[in-house]
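Trainee: Right, I'll just put the structure down here and ask away after.
Protein chains: 2
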Amino acid sequence: MSRQFLAEGIELSGGDYGIVAVVAVVALAALAIGYVLLKEVLAAGQGTAKMQDIAKAVQEGATAYLNRQRNTLSIFGVLVFLLLFALPADGWSERIGRSVFFLFGALFSFTIGYLGMWLATRANLRVASASREQGGREKATRIAFRTGGAVGMFTVGLGLFGAAIVVLAYAGQAPKVLEGFGFGAALIAMFMRVGGGIFTKAADVGADLVGKVEQNIPEDDPRNAATIADNVGDNVGDCAGMAADLFESYAVTLVAALILGSTAFGGDGLLFPLIVPAIGVITAVIGVYITKSRANESGLVTINRSFYISAVISAVLCTIAAFVFLPNSFSGFGQEFASTEGNPAVIATVAVIIGIVLAGVILKLTGYYTGTEHGPVKNVGKTSETGAATVILSGISVGFESAVYTALVIGAAVFGAYLLGGTVALFAVALAGTGLLTTVGVIVAMDTFGPVSDNAQGIAEMSGDVDETAAQTLTELDAVGNTTKAITKGIAIATAVLAATALFGSYQDAISKALAGIGATADGVKSFVDTIVSPNTLVGVMIGAAVVFMFSGLAVNAVSRAAGAVVYEVRRQFREIAGIMEGTTRPEYGKVVDIVTRDSLRELATPGLLAVFAPIAVGFGLGTGALAGYLAGAIATGTLMAIFLANSGGAWDNAKKLVEDGNHGGKGSEAHAATVIGDTVGDPFKDTAGPAINPLIKVMNLVSVLIAPAVVQFSIGPDASLGIRLAISLVAVVIIVVAIVVSKRRSTVIADTPAEQQEPAKTA
Amino acid sequence: MSRQFLAEGIELSGGDYGIVAVVAVVALAALAIGYVLLKEVLAAGQGTAKMQDIAKAVQEGATAYLNRQRNTLSIFGVLVFLLLFALPADGWSERIGRSVFFLFGALFSFTIGYLGMWLATRANLRVASASREQGGREKATRIAFRTGGAVGMFTVGLGLFGAAIVVLAYAGQAPKVLEGFGFGAALIAMFMRVGGGIFTKAADVGADLVGKVEQNIPEDDPRNAATIADNVGDNVGDCAGMAADLFESYAVTLVAALILGSTAFGGDGLLFPLIVPAIGVITAVIGVYITKSRANESGLVTINRSFYISAVISAVLCTIAAFVFLPNSFSGFGQEFASTEGNPAVIATVAVIIGIVLAGVILKLTGYYTGTEHGPVKNVGKTSETGAATVILSGISVGFESAVYTALVIGAAVFGAYLLGGTVALFAVALAGTGLLTTVGVIVAMDTFGPVSDNAQGIAEMSGDVDETAAQTLTELDAVGNTTKAITKGIAIATAVLAATALFGSYQDAISKALAGIGATADGVKSFVDTIVSPNTLVGVMIGAAVVFMFSGLAVNAVSRAAGAVVYEVRRQFREIAGIMEGTTRPEYGKVVDIVTRDSLRELATPGLLAVFAPIAVGFGLGTGALAGYLAGAIATGTLMAIFLANSGGAWDNAKKLVEDGNHGGKGSEAHAATVIGDTVGDPFKDTAGPAINPLIKVMNLVSVLIAPAVVQFSIGPDASLGIRLAISLVAVVIIVVAIVVSKRRSTVIADTPAEQQEPAKTA
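Protein sequences appear in the order of chains A and B. Residue 661 in the UniProt record's numbering sits at position 661 of the first sequence, and the numbers go up by one each step. Residue 5 in the UniProt record's numbering sits at position 5 of the second sequence, and the numbers go up by one each step.
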């Protein structure tokens with residue numbers, strides 16, 4: 001590896017500033033286009049008064065949740081801001097920039113999530129309304145996809161704008177400031193993914209357990225007190241959480257590329273990583289506008305076509321940009337690169353294309369493993385004939401298998417870019433990441449599609465104002481959403497691996513720099529970072545893998561607990577409020593929304609604290625080698641676990657849809673009951689634990705990069721102190737342990753709820 | 001780290017030979033005591049003719065399976081023997097020794113498995129018979145535990161004897177020869193675990209799906225054509241597979257300690273690692289003989305008491321041995337260690353005690369998470385009231401959580417030994433492994449207990465010759481077996497981590513030595529092994545983690561496929577053979593045994609080939625750094641996955657038992673049905689995929705150590721050839737891909753079985 005120690009005093013030329021300014025303008029244009037799309041969506045018809053009533057209740061619930069989440073996260077954000085401020089830095093400008101841009105990253109992440117929710121809670125009504133009109137299928141698809149397009153534009157626009165501003169304002173200290181920006185984005189995204197994920201699945205599972213299982217009433221039945229909460233959940237989880245998550249993926253991947261670029265080439269290295277996503281903005285606009293569903297074509301085919309067309313355009317434009325903006329030999333970057341072999345334009349082109357192809361392959365792979373028309377889901381559907389156990393086992397097999405292949409594909413992309421890059425290997429990996437970014441606009445559009453359709457279906461069902469054909473249209477859209485959601489998760493985790501691999505390099509840089517600061521030789525660096533065969537490192541790898549298991553277990557458990565509370569409340573309402581079952585009295589929807597809001601905000605603390613404090617405990621306690629191992633273990637196991645959880649969940653959900661479409665006995669059969677069990681198991685897998693692993697990995701990586709100088713400072717040199725290191729580590733461990741004990745205690749509280757409050761109402 | 005390159009020309013003094021000879025005698029004594037215990041078991045009463053008939057059928061089925069497995073494995077063994085012979089070696093004596101002792105390891109591993117099966121298929125009848133007598137509970141417990149004791153004695157006796165012989169005969173090249181011995185043991189154990197695991201669960205799940213679910217007849221009902229196969233499965237999986245597995249754990253851990261010991265101290269380092277397990281033999285004998293169940297005491301309490309008493313005795317004796325046989329300063333090992341700080345006797349004592357304490361903590365942790373009397377299983381049982389989905393989710397949470405804590409405990413043990421060891425850190429880790437070994441005798445005894453009781457219950461049920469009280473006794477013993485089985489798996493995986501960490505050191509030694517052989521400097525070694533932050537290494541970690549997921553998925557899938565074949569055959573018999581349901585005609589038990597035998601032997605090929613060829617593909621394809629990363633990823637993820645699978649499976653099984661004991665509605669309730677689903681999901685988790693991960697890790701580690709010199713040879717120096725490396729890697733990849741495609745195709749064949757052959761018989 002030939003990375004130099006972090007170049008100080010990076011300077012941009014006047015022409016470079018011009019290019020960055022153009023990028024910033026492209027970013028603003030993306031925001032403007034997002035606004036146009038938003039206006040178009042809002043202009044659509046809003047259906048009947050009854051439909052509007054329901055939509056309003058969902059809007060209010062979602063807004064109330066996000067407002068309360070904002071308050072909770074603000075406190076946390078301020079604390080981290082102060083901690084960040086206290087960490088070692090090179091001068092005040094860097095210290096202030098890093099902390100301030102942490103706040104910007106956090107703010108942007110929250111804003112994009114809020115906006116996603118805001119728009120989705122308005123679009124759902126309009127999609128439901130459009131499905132009732134002449135040519136409803138095309139109109140509904142169009143509104144749903146335009147909604148996604150708006151959110152997609154805001155995601156890429158804000159991400160690119162933030163990065164461009166950092167580069168313009170902080171060219172010299174850009175890397176450190178970018179770390180702050182990325183960290184803010186990742187941290188808030190992780191909380192929004194976890195909180196929203198718990199909300200949506202607690203409401204969903206709770207509603208199903210009482211409604212479908214105990215009272216035998218259909219999904220989204222207005223007599224179920226948890227239905228509004230369920231629909232609110234789609235918006236705060238699948239819309240707000242997802243949008244924040246993809247914004248974070250975008251921001252952190254871009255940050256990683258910019259850091260690596262500046263490390264390798266100084267100011268020159270900051271330009272190309274900004275140009276590639278700017279191209280992505282342009283192709284995303286094309287992708288969104290060309291999405292038109294043809295007659296008799298499934299929504300998935302339409303969406304895939306847009307994706308592939310925009311991916312090809314991205315590849316072509318990026319190739320042109322590489323040959324225009326990059327020299328044909330490394331000496332073009334300055335005399336110090338005269339001996340570096342290879343053609344930068346070719347390397348950059350191939351790296352970016354690796355990223356774009358990776359997105360396409362993940363799309364295909366995930367479509368294969370979770371789509372209703374392919375072998376795996378059909379097989380899971382078939383196993384429903386031998387009962388729920390075989391459904392669970394076959395779904396788990398599908399999850400394991402698809403995780404392995406997806407991880408291998410991601411690994412191959414990393415390795416390919418690494419080999420290709422030669423002396424700038426890590427930068428090439430980061431560039432592959434930016435290639436992946438060019439697809440994010442379309443990906444967000446694809447993903448938002450799902451929950452908006454799901455919600456539209458809920459509004460239609462609850463209002464009773466939608467006829468058979470329209471209902472059929474909405475069901476179709478919803479099924480497409482299951483697969484697009486799984487694809488998004490696959491792409492998100494791929495960005496995590498690429499960004500993390502690149503950040504791994506920053507981690508080593510941070511350590512090298514810190515060591516150089518206290519006069520250690522470059523030779524001491526390698527042995528300090530440790531070889532992988534040291535037991536120290538191996539223990540780190542094990543702890544990293546363990547944290548992923550812990551985090552997943554905590555998230556699943558949180559859903560179970562919060563769902564339990566929902567079950568008791570819905571049962572209580574059926575028992576105590578007369579006339580609900582007959583439809584003469586409206587259940588108290590708001591109470592359930594309040595309970596889930598309270599519980600999911602409470603539950604997100606433990607996994608969140610684990611993510612922030614585990615690397616601190618390992619780094620200060622066991623040293624930099626173990627921390628490197630920790631990151632490697634967390635990335636590897638996290639990747640596999642995230643895809644396993646997302647794809648087995650997607651496969652179960654769609655296997656249920658297969659049966660509901662009349663296969664293996666159809667609705668109401670034993671086979672259907674078996675797939676409902678599979679789907680319920682899959683719910684927290686695919687919508688809570690799985691997707692939160694992506695921001696988790698990045699948060700842990702960025703925390704490690706940020707604390708690296710402090711770890712080195714207390715490890716060798718004049719400030720070395722085992723006492724201080726162990727004390728910091730101990731504090732981190734204590735925080736984690738207390739958080740876990742508190743959440744354990746909560747589960748006992750629920751288990752201790754008096755039996756009469758747990759009692760199900762008599763079935764009608 | 002201060003490990004020297006492998007010391008050549010290790011010599012043992014005459015006194016040292018004497019000590020090794022004493023160890024060999026202790027090993028032979030263990031075999032003799034095993035024989036005495038065996039005789040005692042065989043001398044017990046054999047019950048009624050009907051019971052003997054059934055036991056005979058089980059014996060014949062199990063013997064037939066193992067004979068066919070022997071034939072299959074022989075071919076594979078010869079192939080690996082030849083490959084091993086072709087690998088680079090230092091001279092003919094080492095080359096021959098390594099290959100010949102590979103055969104010995106393989107033979108011993110198979111023999112101990114066969115013996116375990118042989119004795120268990122005889123003991124089951126005698127336990128069933130004893131339960132009918134006066135004081136049946138004590139007598140039955142005693143026979144079951146003595147059976148385990150015999151197998152335990154054979155396990156430790158053969159393991160210790162093999163290692164002692166290698167040391168006596170090959171002092172100079174002992175490490176290389178020991179690698180061969182360990183590899184043979186691990187490879188065969190892996191196949192026996194996988195094959196036996198598939199057999200037992202395919203028969204069990206298949207029997208349940210038709211018997212319990214479709215025909216509504218109880219477990220072990222003689223009208224079910226799969227019952228004999230189910231009972232055969234307990235013997236070839238839980239007895240033969242488990243015994244081979246624990247033998248392998250014993251052998252490989254011992255091998256790792258001997259290799260590390262000789263690397264650090266030459267001949268001196270070979271003695272203490274042999275003395276510790278010899279002490280373990282003595283305490284195991286004590287443990288087995290003091291096991292007497294007191295009145296009104298659960299079997300688990302009895303077994304735990306024996307375990308703790310023998311653990312304490314081990315600790316005391318090992319401490320004495322350390323101070324008698326080891327010097328009080330490192331200079332006692334020779335002038336070259338004069339500057340090494342620390343007291344060898346103290347280090348060795350504490351390391352061994354760390355291992356013993358680790359076994360105790362795992363016992364406690366596993367007991368807590370899978371025992372019926374503690375919170376976790378009670379909680380899983382409680383969730384049965386809200387259906388199968390919540391049972392699955394809570395069981396998965398228990399699995400995740402217990403995996404994390406167990407992995408952290410194992411990690412802490414590794415790290416503790418590592419810190420303690422100072423300059424002989426890896427040897428200290430290996431010594432902790434030998435400490436763990438002192439408990440293996442009792443552990444095998446505990447584990448064999450389970451399947452023997454399970455089988456005794458089957459014989460009792462099928463014969464109808466056992467009264468209510470006796471049946472109750474057998475059910476109780478079976479429940480204890482569930483927890484002891486989970487404990488064994490925890491201990492086995494702990495040995496894997498300790499051995500693998502130590503072998504990791506051998507891996508680096510092998511590379512260092514190979515590099516030194518071609519004149520590379522010691523400085524080149526570190527960078528060649530790579531630092532952990534290289535993307536190359538990170539990709540290796542990801543592939544290592546992926547192989548664990550793949551292996552688990554393949555094992556679960558193999559069970560599903562083989563169980564499917566059983567279902568069709570049992571249905572066919574119900575449909576075509578008149579009088580089965582009325583009990584007037586005997587079903588064709590042999591046919592089902594034949595089908596499962598054929599399928600499980602066929603199915604074990606793919607996971608087996610994956611284990612052997614994946615490290616070859618990574619090592620030659622991506623280099624030594626990636627291979628090191630691969631091992632780290634496989635160890636970390638493998639540990640968590642193995643414990644997750646074992647403990648969630650154990651928790652589900654015991655939650656079912658809780659409900660069957662009359663909680664939450666009892667047998668036949670909705671809650672019971674929910675826990676039956678949980679148990680069925682858990683079956684391949686805990687008895688097929690989970691336990692096979694332990695030998696998997698060791699096989700992959702030993703393959704890596706063995707191929708390391710060849711990888712280096714083709715990577716740098718005069719023989720360097722990227723072409724050869726890629727060719728070898730490609731061949732390995734092709735073998736894996738073909739194996740996977742073939743097993744995929746098999747699943748299509750079953751799915752294509754004509755519908756009329758799949759049809760369930762009409763229920764009575």
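Just so it is clear, CB atoms sit at the ideal spot from N, CA and C, and this is done for glycine as well.
Kindly indicate the opening and closing residues of the alpha helix (DSSP H) around Ala430 of chain A.
Mentor: 425-437
Trainee: Below 8 Å between beta carbons: does that hold for Ser560 of chain B and Gly619 of chain B?
Mentor: In this structure, Ser560 of chain B keeps its C-beta atom at 8 Å or more from the C-beta atom of Gly619 of chain B.
Trainee: What residues from the region 173-202 of chain B come within 9 Å of chain A, judged by C-beta to C-beta, listed N to C?
Mentor: Of all residues in the region 173-202 of chain B, none has a Cβ within less than 9 Å of some Cβ in chain A.
Trainee: How about Gly399 of chain A and Val276 of chain A: do their beta carbons lie closer than 8 Å?
Mentor: Not closer than 8 Å, so no.
Trainee: Taking the alpha-carbon positions, what's the Thr406 of chain B to Ala605 of chain A distance?
Mentor: 24 Å
Trainee: How many Å lie between Met1 of chain B and Asn701 of chain A at the Cα?
Mentor: Because the pLDDT of Met1 of chain B is 29, which lies under 50, any placement of that residue in the model is unreliable, and the number read from its coordinates should be weighed accordingly. The straight-line gap from Cα to Cα measures roughly 27 Å.
Trainee: Less than 8 Å between the beta carbons of Ile707 of chain B and Phe714 of chain B, yes or no?
Mentor: no
Trainee: Run down chain B in chain order and give the residues with a C-beta less than 7 Å from the C-beta of Gln248 of chain A.
Mentor: According to the sequence shown, residue 248 of chain A is Glu rather than Gln. Residues of chain B with a Cβ closer than 7 Å to the Cβ of Glu248 of chain A do not exist; the shortest Cβ-Cβ separation is about 21 Å.
Trainee: Which residue marks the beginning of the alpha helix (DSSP H) containing Thr680 of chain A, and which one marks its end?
Mentor: 670-684
Trainee: I think Pro273 of chain B touches Ala430 of chain B, with their Cβ atoms under 8 Å apart; what is that distance to the nearest whole Å?
Mentor: 7 Å
Trainee: Closest to Leu610 of chain B by CA distance: which of B:Ile736, B:Gly623, B:Thr495 is it?
Mentor: B:Ile736
Trainee: Which value, in whole angstroms, describes the spacing of the CA atoms of Gly15 of chain B and Ala403 of chain B?
Mentor: The straight-line gap separating the alpha-carbon atoms of Gly15 of chain B and Ala403 of chain B is approximately 45 Å.
Trainee: Which term fits Asp268 of chain A, buried or exposed, when burial requires 16 or more other beta carbons within 10 angstroms of its beta carbon?
Mentor: Buried is the label assigned to Asp268 of chain A, since at least 16 other Cβ atoms lie within 10 Å of its Cβ.
Trainee: Whole alpha helix (DSSP H) runs in the region 229-285 of chain A with 4 or more residues, listed along the chain?
Mentor: 242-265
Trainee: Could you check how far apart the C-beta atoms of Ile143 of chain A and Ser463 of chain A are, in whole angstroms? I think they sit under 8 Å.
Mentor: Between Ser463 of chain A and Ile143 of chain A the Cβ distance is about 17 Å, and since that is not below 8 Å, they are no contact.
Trainee: Measure the C-alpha to C-alpha separation of Thr639 of chain B and Asn694 of chain B and round it to an integer number of angstroms.
Mentor: 8 Å
Trainee: For Pro684 of chain B, which residues in chain A fall below 8 Å Cβ to Cβ?
Mentor: Those within 8 Å of Pro684 of chain B in chain A are Leu393.
Trainee: Once you ignore the five residues that flank Thr763 of chain A on each side, which residues in its own chain have a CB closer than 8 Å to its CB?
Mentor: No answer about Thr763 of chain A holds up, because its pLDDT of 44 lies below 50 and its placement is not dependable.
Trainee: How about Ile635 of chain A: is its C-beta nearer than 8 Å to some C-beta of chain B?
Mentor: yes
Trainee: Distance check for Asp683 of chain B and Ala563 of chain B, CA to CA, integer angstroms please.
Mentor: Their backbone Cα atoms lie some 12 Å apart in a straight line.
Trainee: Is Ile580 of chain B helix, strand or coil by DSSP?
Mentor: coil
Trainee: At a Cβ threshold of 8 Å, is Leu601 of chain A touching chain B?
Mentor: no
Trainee: Tell me whether the beta-carbon of Leu358 of chain A lies closer than 8 Å to the beta-carbon of Ile279 of chain A.
Mentor: no
Trainee: Look up His664 of chain B in the DSSP assignment and say whether it is helix, strand or coil.
Mentor: helix
Trainee: Can you tell me the Cβ-Cβ gap for Ala445 of chain A and Gly152 of chain A, rounded? I've got them flagged as a contact below 8 Å.
Mentor: That belief holds up - the Cβ atoms of Ala445 of chain A and Gly152 of chain A are roughly 4 Å apart, short of 8 Å.
Trainee: Report all residues from its chain with a CB closer than 7 Å to the CB of Leu38 of chain A; omit the five preceding and five following residues, and keep chain order.
Mentor: Leu119, Ala150
Trainee: The alpha helix (DSSP H) that contains Lys212 of chain A, what's its start and end?
Mentor: Element bounds for Lys212 of chain A: n/a, residue is neither H nor E.
Trainee: Alpha helix (DSSP H) containing Thr469 of chain A: first to last residue?
Mentor: 468-517
Trainee: Using beta-carbon positions only, say whether Gly629 of chain A and Gly544 of chain A come within less than 8 Å of one another.
Mentor: yes
Trainee: So, is the C-beta of Pro607 of chain B closer than 8 Å to a C-beta in chain A?
Mentor: Answer no: the Cβ-Cβ gap between Pro607 of chain B and chain A never drops below 8 Å.
Trainee: Within a Cβ cutoff of 6 Å, which residues of the same chain sit near Ser729 of chain A, ignoring the five residues on either side of it in sequence?
Mentor: Ala617, Phe620, Gly621
Trainee: With 16 as the cutoff for other CB atoms within 10 Å, does Val36 of chain A come out buried or exposed?
Mentor: exposed
Trainee: Which runs of the alpha helix (DSSP H), 4 residues or longer, sit entirely within the region 290-331 of chain B?
Mentor: 299-325
Trainee: Scan the region 636-652 of chain A for residues whose Cβ lies nearer than 8 Å to a Cβ of chain B and list them as they occur along the chain.
Mentor: Ala636, Thr637, Thr639, Leu640, Phe644
Trainee: Which residue comes first and which comes last in the alpha helix (DSSP H) that contains Val148 of chain B?
Mentor: Here residue 148 of chain B turns out to be Gly, not Val, going by the sequence shown. Element bounds for Gly148 of chain B: 136-170.
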